[in-house]
Amino acid sequence: MRQHIVRIAIGLLVVLAFLGHVARFYQIGFITQLDNIMYDYRLRLTMPGTVDERIVILDIDEKSLAVPELGRWPWGRDKISALINKLFDKYGVVIIGFDVVWAERDESSGLKVLDQLMKNQLRSVPQFGAALENLRPQLDHDAMFAKTIAGRPVVLGYYFNSDPDARESGALPPPVLPAGVFAGRNIGFSSWNGYGGNLPELQAAAVAGGHFNPLVDFDGVSRRVPMLIEYKGKYYEPLSLAIVRLLMGLEEAGRTNNSTVKLPAIAPYLAETKSKGYGGLERIDVGPLQIPVDEHVAALIPFRGERNSFRYVSLADVYFDRVPVDTLQGRIAIVGATAPGLFDLRSTPVGSVYPGVEIHANLVAGMLDHNRGAIKQKPPYMIGAEVVLLIIIGVALTLLLPLLSPLRATLVSLVVLVLVSGFNVMIWSGANMVLPLASSVLMIAALFALNMSYGYFIESRSKRQFTELFGQYVPPELVDKMAEDPEKYSMEGRSEELTVLFSDIRGFTTISEGLDPKQLSAFINEYLTSMSLVIRNNRGTLDKYIGDAIMAFWGAPVMDPEHPRQGVLSALLMQEEMYRLSEAFVARGWPPIKIGVGLNTGVMSVGDMGSKLRRAYTVMGDAVNLGSRLEGITKQYGVGIICGQRTRELVTDVIWRELDRVRVKGKDEPIAIFEPLGFDNQVSKEKIEETKLWNQALRAYRAQDWDQADMLLLNLQRMSGGAYLYETYAERVAHYRKDPPGPDWDGVWKFETK
Numbered sequence: 001m002r003q004h005i006v007r008i009a010i011g012l013l014v015v016l017a018f019l020g021h022v023a024r025f026y027q028i029g030f031i032t033q034l035d036n037i038m039y040d041y042r043l044r045l046t047m048p049g050t051v052d053e054r055i056v057i058l059d060i061d062e063k064s065l066a067v068p069e070l071g072r073w074p075w076g077r078d079k080i081s082a083l084i085n086k087l088f089d090k091y092g093v094v095i096i097g098f099d100v101v102w103a104e105r106d107e108s109s110g111l112k113v114l115d116q117l118m119k120n121q122l123r124s125v126p127q128f129g130a131a132l133e134n135l136r137p138q139l140d141h142d143a144m145f146a147k148t149i150a151g152r153p154v155v156l157g158y159y160f161n162s163d164p165d166a167r168e169s170g171a172l173p174p175p176v177l178p179a180g181v182f183a184g185r186n187i188g189f190s191s192w193n194g195y196g197g198n199l200p201e202l203q204a205a206a207v208a209g210g211h212f213n214p215l216v217d218f219d220g221v222s223r224r225v226p227m228l229i230e231y232k233g234k235y236y237e238p239l240s241l242a243i244v245r246l247l248m249g250l251e252e253a254g255r256t257n258n259s260t261v262k263l264p265a266i267a268p269y270l271a272e273t274k275s276k277g278y279g280g281l282e283r284i285d286v287g288p289l290q291i292p293v294d295e296h297v298a299a300l301i302p303f304r305g306e307r308n309s310f311r312y313v314s315l316a317d318v319y320f321d322r323v324p325v326d327t328l329q330g331r332i333a334i335v336g337a338t339a340p341g342l343f344d345l346r347s348t349p350v351g352s353v354y355p356g357v358e359i360h361a362n363l364v365a366g367m368l369d370h371n372r373g374a375i376k377q378k379p380p381y382m383i384g385a386e387v388v389l390l391i392i393i394g395v396a397l398t399l400l401l402p403l404l405s406p407l408r409a410t411l412v413s414l415v416v417l418v419l420v421s422g423f424n425v426m427i428w429s430g431a432n433m434v435l436p437l438a439s440s441v442l443m444i445a446a447l448f449a450l451n452m453s454y455g456y457f458i459e460s461r462s463k464r465q466f467t468e469l470f471g472q473y474v475p476p477e478l479v480d481k482m483a484e485d486p487e488k489y490s491m492e493g494r495s496e497e498l499t500v501l502f503s504d505i506r507g508f509t510t511i512s513e514g515l516d517p518k519q520l521s522a523f524i525n526e527y528l529t530s531m532s533l534v535i536r537n538n539r540g541t542l543d544k545y546i547g548d549a550i551m552a553f554w555g556a557p558v559m560d561p562e563h564p565r566q567g568v569l570s571a572l573l574m575q576e577e578m579y580r581l582s583e584a585f586v587a588r589g590w591p592p593i594k595i596g597v598g599l600n601t602g603v604m605s606v607g608d609m610g611s612k613l614r615r616a617y618t619v620m621g622d623a624v625n626l627g628s629r630l631e632g633i634t635k636q637y638g639v640g641i642i643c644g645q646r647t648r649e650l651v652t653d654v655i656w657r658e659l660d661r662v663r664v665k666g667k668d669e670p671i672a673i674f675e676p677l678g679f680d681n682q683v684s685k686e687k688i689e690e691t692k693l694w695n696q697a698l699r700a701y702r703a704q705d706w707d708q709a710d711m712l713l714l715n716l717q718r719m720s721g722g723a724y725l726y727e728t729y730a731e732r733v734a735h736y737r738k739d740p741p742g743p744d745w746d747g748v749w750k751f752e753t754k
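Residue numbers (this note's numbering): 1 to 754.
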């Protein structure tokens, strides 16, 4: 794990960066934007897409603006009053909500001019004053409008302004909650600096009023509407909530046969009621209606679909009685503008040009469908849930990815990404909650990219250094395996049971004298290359070249339980390669070659050894020295390979021929030495029979039965065509006949030279 500390530390910093964004310590714009895009996409995928017949939008469209007899917008209040009477009396609408502000007085009747005349020029004409007072109710369109809406289920709209220099104009409706209700609580109400309300007498006559201020996110898109706006310590509701509360009051009055309509009270539900430690509101309760809100006390707009998810009726058609009664009867009517010149078009998740009036209609429909979870929940404690999710995912991936290969890291990252996305969809659909997804997705992608890039740029460099270090000794496939976990293959010295090989060209001095320098270079290069490939192809580690001699070993730096067998296999293949090279050399006019190979298995020291000026990854120890001695005595027995006793014990699928028991130079303990003839399925029956006969001769020799030994050796020489090994033993028998070794002889041959 230690080699991954830097990567883990950087990964944890990445996780902390995302946590800071999620916990609102700062905002990273592109993450917020991606969250908005993902939210919009999920919303569009899950919208009902049907037209809601409960709500009708009375459209101030271009047709309504083009009727000469109605005049330009805003129409005279007398016409609006007539329209309201018609909507209630003829068409039977339930409620009228105005997405319009009646901020200025209606002077279209000329009453203001007549009042000026009464005060000035016609002041002395009593008949004029009396006539004017008789006509005033007909000419005061604002008073007429106020009288028309008084006592009727009409909700007026108004707006708040967040501009720094915003002013107050008109009148606000009574607040829905008293001042100080949230005293001492840190609730993130949106900030406003002024408002534009209706004429005081109009607002006073209306049963309710509501703002039509959607919150605009930094990308210019409206996704939420504040359910409560705080202004100078008082709290105000939106147009949609005022309409629904009025509808609930009408229904209650109808059930109780009460002529007085009372709007049900608003009861804020604190988030800390459910989740201790979290401020803010979780929802707004109005009787059985529960409206989920976020940390800014805003509700997500439950869009039913794209534009025209509600029936639109031209206001002019209603005025001129061109609309069937059943189109409007029993419905909620919201008056609003879609005409481009009135600038009530907004950017929303479902359309970049979307009528603002339809936002109110969507919210009204969502509140009416509250028992079906039409409005998604995003309570303040979802921030905590997202923080916990990021910590779990981030820490897990930070610790896990550095340990995996690129393929496995990719698969794990994809699986986590799918699980997180699936959990998010489950929360969205099953729990009706919005859990932001962008931070999780981007964090997973960032951690994956970090590990991949770190592995590519940093670990690739380390791997190259590692390869440069071990590549000269070890086959490429073993270097790749070692590079996956460099710490496991330290250069530090250690003791291991390994197998070492020494090889040498016999008579190389004579060969080199017969070649010019260029030929000698080509000769030795081809020989060393061929033999080295045999060793490397069988998982051997090349130690060094000493002239024509080769030193190699098996079992380090990569552990190999079959190191003795790989060594024996390499020695046998080197003999085969020797014959191939000899033929090639003779064809070029060069002399043929014979090589001797010594192989020994034992405990030896392995590691990076040498001086400050030059070091090498090598092996040392008595077992190594013995391997060198065994190579040196191959020519004494006329064989190509001699192995030590431990090698013979560990390799059981080879036909062995015991050569002798010897005491090499510098050693007191005798050892048995063996020649590998080949693997079980590669040695001929004749050679096996010859080996059996040889074993009999060796037993006779060690028993000092010189006659039996001499007879068997003579037969062996005939069978093999005069093998040097048999001739050597025949000479020993002749020597011991003349000079017997004595009864204490142990059959060991002692070498006085290396």
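We treat Cβ as the ideally placed atom computed from N, Cα and C, and that holds for glycine. Quantities reported herein were computed from a predicted structural model and do not represent experimental measurements.
- Fully contained in the region 584-620 are the following beta strand (DSSP E) runs of length 3 or more, in chain order: 595-610, 615-620.
- Contact holds between the region 547-566 and the region 501-510, because three or more Cβ pairs, one in each stretch, are under 8 Å apart.
- As the crow flies, the alpha-carbon of F145 is around 6 Å from that of R77.
- When DSSP assignments are scanned along the region 15-90, the uninterrupted stretches of beta strand (DSSP E) that are 3 or more residues long and fall wholly within it turn out to be 52-60.
- Straight-line measurement puts the Cα of S162 at about 33 Å from the Cα of A66.
- For P268, the secondary structure class from DSSP, reduced to helix, strand or coil, is strand.
- When the beta-carbon positions are compared, L247 and V261 stay at least 7 Å from each other.
- In the three-state DSSP reduction, N695 falls in the helix class (H, G or I).
- Taking C-beta atoms under 8 Å as the contact rule, L172 and Y159 fail to qualify, at a distance of about 11 Å.
- Beta-bridge partners of G209 (DSSP): L156.
- Every unbroken stretch of the alpha helix (DSSP H) spanning 4 or more residues and falling wholly within the region 616-679 is given here in chain order: 622-632, 634-637, 645-650.
- Rounded to the nearest angstrom, the Cβ distance from R331 to V154 is 15 Å, too far for a contact under 8 Å.
- Annotated three-state conformation of M452 is helix, per DSSP.
- Distance check between Y269 and each of L263, V101, N257, I284 places I284 closest, using alpha-carbon atoms only.
- Per the coordinates, the alpha-carbon of K378 lies some 27 Å from the alpha-carbon of L397.
- Counted as a single uninterrupted DSSP element, the stretch harbouring L342 is not any alpha helix (DSSP H), since DSSP gives it neither H nor E.
- Counting along the chain, L407 sits inside no beta strand (DSSP E); it lies in the alpha helix (DSSP H) bounded by residues 406-430.
- Within the region 690-748, the alpha helix (DSSP H) runs of at least 4 residues that lie entirely inside it are, in chain order, 706-720, 724-738.
- Per DSSP, G356 is one residue of the alpha helix (DSSP H) stretching across 356-368.
- T509 carries a helical assignment under DSSP once its states are collapsed to helix, strand and coil.
- Sequence-distant Cβ neighbours of R72 in its own chain, meaning closer than 8 Å and more than five residues away, are L65.
- Taking 7 Å as the cut-off, the beta carbon of D294 is found no closer than this to the beta carbon of Q33.
- Taking 7 Å as the cut-off, the Cβ atoms of L693 and L716 count as close.
- Between V664 and L626 a beta carbon distance of about 7 Å is seen, short of the 8 Å cut, so the two are scored as contacting.
- Looking only at I524, S521, G209, S259, the smallest Cα-Cα distance to A242 is reached by G209.
- Short of 7 Å from the beta carbon of F679, and not among the five residues preceding or following it, lie these beta carbons of its own chain, in chain order: D653, V654.
- For F218, the secondary structure class from DSSP, reduced to helix, strand or coil, is coil.
- In the three-state reduction of the DSSP assignment, F182 falls in the coil class, being assigned neither a helical nor a strand state.
- The Cβ-Cβ distance between M382 and I291 does not fall below 7 Å.
- Going by beta carbons, E496 and V395 fall outside the 7 Å limit.
- If you look at I393, you'll find it in the alpha helix (DSSP H) that goes 382-400.
- By the Cβ-count criterion, I301 is buried, with 16 or more other Cβ atoms from all chains shown falling within 10 Å of its own Cβ.
- A check of alpha carbon separations from R7 across S191, H735, L447, G589 identifies L447 as the nearest.
- An exposed status is given to Q27, since fewer than 16 other beta-carbon atoms sit within 10 Å of its beta-carbon.
- For V313, the enclosing beta strand (DSSP E) has its first and last residue at 310-314.
- Closest option to I55, judged by alpha-carbon separation, among R718, E237, N362, V14: N362.
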